[in-house]
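A.B. asks: Residue numbers (the numbering used here): 238 to 422.
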Amino acid sequence: MPYIEGEDRHQIYLLPNTLDDFVDEENPVRVIDAYVDSLNLEELGFQVYSGIKAGQKPYRREDLLKLYLYCYMNGIRSSRKMEIETKRNIELMWLISKLQPDHGTLSAFMKNNKTAIKKLFKEFTLMLKGFGLIDGQLVAIDGTKLKANCSKKQHFNANIISKKLEHIDEKIDAYLHDFLTEDNR
Numbered sequence: 238m239p240y241i242e243g244e245d246r247h248q249i250y251l252l253p254n255t256l257d258d259f260v261d262e263e264n265p266v267r268v269i270d271a272y273v274d275s276l277n278l279e280e281l282g283f284q285v286y287s288g289i290k291a292g293q294k295p296y297r298r299e300d301l302l303k304l305y306l307y308c309y310m311n312g313i314r315s316s317r318k319m320e321i322e323t324k325r326n327i328e329l330m331w332l333i334s335k336l337q338p339d340h341g342t343l344s345a346f347m348k349n350n351k352t353a354i355k356k357l358f359k360e361f362t363l364m365l366k367g368f369g370l371i372d373g374q375l376v377a378i379d380g381t382k383l384k385a386n387c388s389k390k391q392h393f394n395a396n397i398i399s400k401k402l403e404h405i406d407e408k409i410d411a412y413l414h415d416f417l418t419e420d421n422r
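1) Tell me whether His392 sits in a helix, a strand or coil according to DSSP, three-state version.
2) Specify whether the stretch 334 to 353 and the stretch 289 to 306 touch according to this definition: at least 3 beta carbon pairs, one from each stretch, less than 8 Å apart.
3) Is the beta carbon of Glu328 less than 8 Å from the beta carbon of Val260?
4) Nearest to Asp270 by alpha carbon, out of Ile333, Asp339, Ser287, Phe361?
5) For a quick check, are the C-beta atoms of Val285 and Leu278 less than 8 Å apart?
6) Taking buried to mean at least 16 other C-beta atoms within 10 Å of its own C-beta, is Met330 buried or exposed?
7) Taking only runs of the alpha helix (DSSP H) that begin and end inside the stretch 308 to 376, which ones reach a length of at least 4 residues, in chain order?
8) Measuring only the C-alpha atoms, how far is Ser287 from Pro239?
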């Protein structure tokens with residue numbers, strides 16, 4: 238195998254429970270698992286290793302992305318804190334099959350895949366649009382017979398929306414920058 242393999246989620250230990258028993262069917266961690274498994278990371282621009290070279294086997298990019306998305310969802314920005322969570326969080330143990338990558342591996346994953354992660358955020362929005370959860374259309378109404386409470390701060394047009402999209406891209410860049418500077422500390 239070209240990758241470091243984790244433990245089976247259904248492995249029975251001395252305790253009568255499997256790791257799968259600790260994660261409810263409605264747990265959001267299962268959504269992360271299904272979503273990342275449905276992606277083609279190479280098309281998104283993630284660095285995917287063939288496992289042919291000599292040396293230690295790399296972690297699967299899918300596992301590192303699952304870990305990153307879970308930690309992002311729970312407000313964990315530091316790769317060192319992510320490393321700690323892999324050792325104590327049962328949901329993460331289930332999600333990445335009890336793998337425990339170190340903080341250097343997690344930090345390098347972020348540094349090497351910045352543009353792919355930005356693209357992933359956009360793909361996620363397109364997926365929501367595909368499921369019909371958001372429309373993605375610009376709606377503008379022109380008329381005076383509407384009763385509304387709309388100030389200049391709450392009024393949106395195509396120009397304002399494009400500025401807001403630029404602002405969102407800047408916030409994504411700022412988040413990635415904060416993550417990497419937190420690692421350097």
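All residues carry an ideal CB built from backbone N, CA and C; glycine is no exception.
C.D. replies: Concretely, from the data shown:
1) Correct three-state label for His392: coil.
2) Touching, yes, given that three or more Cβ pairs across the two stretches are closer than 8 Å.
3) The criterion of a C-beta distance shorter than 8 Å is satisfied by Glu328 and Val260.
4) Nearest to Asp270 by alpha-carbon distance, out of Ile333, Asp339, Ser287, Phe361, is Ile333.
5) Going by C-beta atoms, Val285 is nearer than 8 Å to Leu278.
6) Met330 comes out buried.
7) With a minimum length of 4 residues, the continuous alpha helix (DSSP H) runs that stay inside the stretch 308 to 376 are 316 to 325, 327 to 332, 340 to 349, 351 to 367.
8) The alpha-carbon atoms of Ser287 and Pro239 are separated by roughly 7 Å.
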